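With my numbering as the guide, the letters of the sequence shown map in order to residues 30 to 152. For each residue, glycine too, the CB sits at the ideal point set by N, CA and C. Keep in mind the model is a prediction, meaning the values are calculated, not measured.
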Amino acid sequence: MSEEHIESSILASLRAENQRLLRKNLEKDLQERQHQAATDAAALQLQTARNENCELRNRISELTKSHELHRQSIAHDRDAAVAGLRAQLLQAQQDVEARLLEDARVQQQSLAHQIALLNAQNA
């Protein structure tokens with residue numbers, strides 16, 4: 030083999046390795062971006078759920094305050110109805126909180142699965 034042929038062969042091998050590494054880096058970058066997008070989407074979903082929960086809590090608080098003023102202004106026979114409404118409001122809040130926790134748990138499992146897939150692909 031001539032020296033030029035050896036150099037050409039080495040250069041071709043280096044180019045092929047460079048292309049392989051570039052492709053691998055691009056795939057890894059894409060996976061990282063997909064993971065970040067999924068993480069960002071989950072964070073946005075969680076923040077939206079938290080905002081909704083806060084709004085519901087504020088609304089429940091407003092309703093509770095209004096209801097308490099109303100309860101104080103009515104006769105004793107309305108006290109039972111007030112207690113029933115409070116129980117419904119508390120149950121609604123607990124239902125919302127349970128749903129939000131379940132949504133967050135499902136999203137966390139999904140992200141863990143995606144991370145495991147990405148880790149397996151990167152291995």
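Proximity winner among the options, relative to residue i (alpha-carbon distances)
i           : options              : result
residue 153 : 40, 150, 129 and 144 : No statement about residue 153 is possible, as the shown extent of the chain runs from 30 to 152 and does not include it.
residue 77  : 144, 146 and 132     : 132
residue 112 : 96, 102 and 45       : 96
residue 116 : 50, 103 and 89       : 89
Pair within 8 Å by beta-carbon distance, residue i and residue j
i           : j           : result
residue 122 : residue 85  : yes
residue 98  : residue 118 : no
residue 68  : residue 114 : no
residue 57  : residue 148 : no
residue 126 : residue 82  : yes
residue 136 : residue 71  : yes
residue 144 : residue 34  : no
Q: Would you mind listing the beta strand (DSSP E) stretches within the stretch 52 to 136 that are 3+ residues and don't spill past its ends, in chain order?
A: Listed in chain order, nothing qualifies, since the stretch 52 to 136 has no complete beta strand (DSSP E) run of 3 or more residues.
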